[in-house]
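K.L.:
Quick one: the structure is below, and I'll ask about it shortly.
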Amino acid sequence: MSGSPVDEQKHSARLHQKLQLAEAIRRGQEPLWDVPLRGLKPSMAGEESIKEKQKEGFSQSLPVSYLLDEDDYDYQTLTRALMTLVYEAHELEIDTKADPVELVNRLEELLPELIGPVLRSDHGYFESLSGRLGFSSLALSMVGGALLQPSMIYMASNSNREYLDAWDIKICPICGRMPSVVIKTESGVWRFKCSYCLTEYRMDIFRCPHCGSEGAESKEFLLVGDAKAYEIASCLKCRHYFKIINTNRLDEQIPDGLEDVYTEQLDEVAHQRGLIRLDEASQNGQ
Ligand SMILES: [Zn+2]
Ligand SMILES: [Zn+2]
């Protein structure tokens, strides 16, 4: 991908910032990566119990995260990760006015309450929590999201392909988040890639994930960059778009989970054309 030198500079500065944040989150999650169940209770261990949840979710058209609640988590591990995540957020100066010790104490008290809204990606909850506690909603949602992400990655990596390939809804079948990236795999199959739990799941390239309009003629595909590894696919009816990464044509593979961050330039091109990101509507609470 290329642009003017000024654009390139702005882009690499933003990429650097986002990578720094991703690394900080990873370090903050260390206590969760250190334990096999990533903060879940032993009752959730093993492929069988995850398969059960997937089956239940599939029959109700609900992502697995909607079938979990605060009783499925191990609070000792979560509390350890809470401390390291708040420390990392503090180091990055995400909320310069927040006293980290106070933030940890308040969030520790609120842990059981916090789990449901994170599992159901309830953005409004963090807005109201921010009003209640006086900490920035950005810091609160970053810590909350990071706290449960390893457990969702655990569920995703032990999940059953059969269900992922049969899932017919745009939100992620594991964590319920909206996708923005589609991977074209080596076997020529297109799959949504969730940037939160890393699930790759079924998508129909010729059906708009937003409005459902079908057929190749209702789509526009725009190749971006010289290597032909990136494409923007948009719907002529509703103007929503998603980004396609053709993994075969990449010079260098993108680190797992950072596909959205690395393809930010495609969002700029799409916005210049007046297109709307798939997950934009949900973030605005529509
Ligand atoms: Zn997901
Ligand atoms: Zn559409």
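So the number in the numbering used here is just where the residue sits in the sequence shown, counting from 1, plus 1152. All C-beta atoms, glycine included, are put in the ideal place defined by N, C-alpha and C. Here the structure is a predicted model, which means the values were calculated and not measured.
(1) Decide if Asp1403 is buried, meaning its Cβ has at least 16 other Cβ atoms within 10 Å, or exposed.
(2) How many Å lie between Thr1231 and Glu1182 at the Cα?
(3) Using a threshold of 8 Å, state whether the C-beta atoms of Val1256 and Leu1299 are closer than that.
(4) Return the residue from the list Glu1260, Thr1229, Gln1228 and Ile1202 that minimises the CA-CA distance to Leu1219.
(5) Please determine whether the Cβ atom of Lys1389 lies at a distance below 7 Å from any heavy atom of ligand 2.
(6) For a cutoff of 8 Å on Cβ pairs, would you count Pro1361 as touching chain D?
(7) Ala1385 by DSSP, collapsed to three states: which one?
(8) Would you call the stretch 1406-1418 in contact with the stretch 1351-1358, where contact means no fewer than 3 C-beta pairs closer than 8 Å?
(9) Using a Cβ-based criterion (distance less than 7 Å to any ligand heavy atom), does Met1304 qualify as near ligand 1?
(10) Between the alpha carbons of Lys1389 and Ser1339, how many angstroms are there, rounded?
(11) Is Ile1267 near ligand 1, in the sense that its beta carbon is under 7 Å from a heavy atom of that ligand?
(12) Just verifying my parser: in three-state terms, what is the DSSP assignment at Gln1438?
(13) Run through the DSSP bridge pairs and tell me what Val1333 is partnered with.
P.N.:
Concretely, from the data shown:
(1) exposed
(2) 12 Å
(3) no
(4) Ile1202
(5) yes
(6) In the structure shown, chain D does not exist; there is a single protein chain.
(7) strand
(8) no
(9) yes
(10) 30 Å
(11) no
(12) Below a pLDDT of 50, predicted positions are generally treated as unreliable, and Gln1438, at 38, falls in that range; no measurement from the model is reported.
(13) Lys1345 and Lys1395
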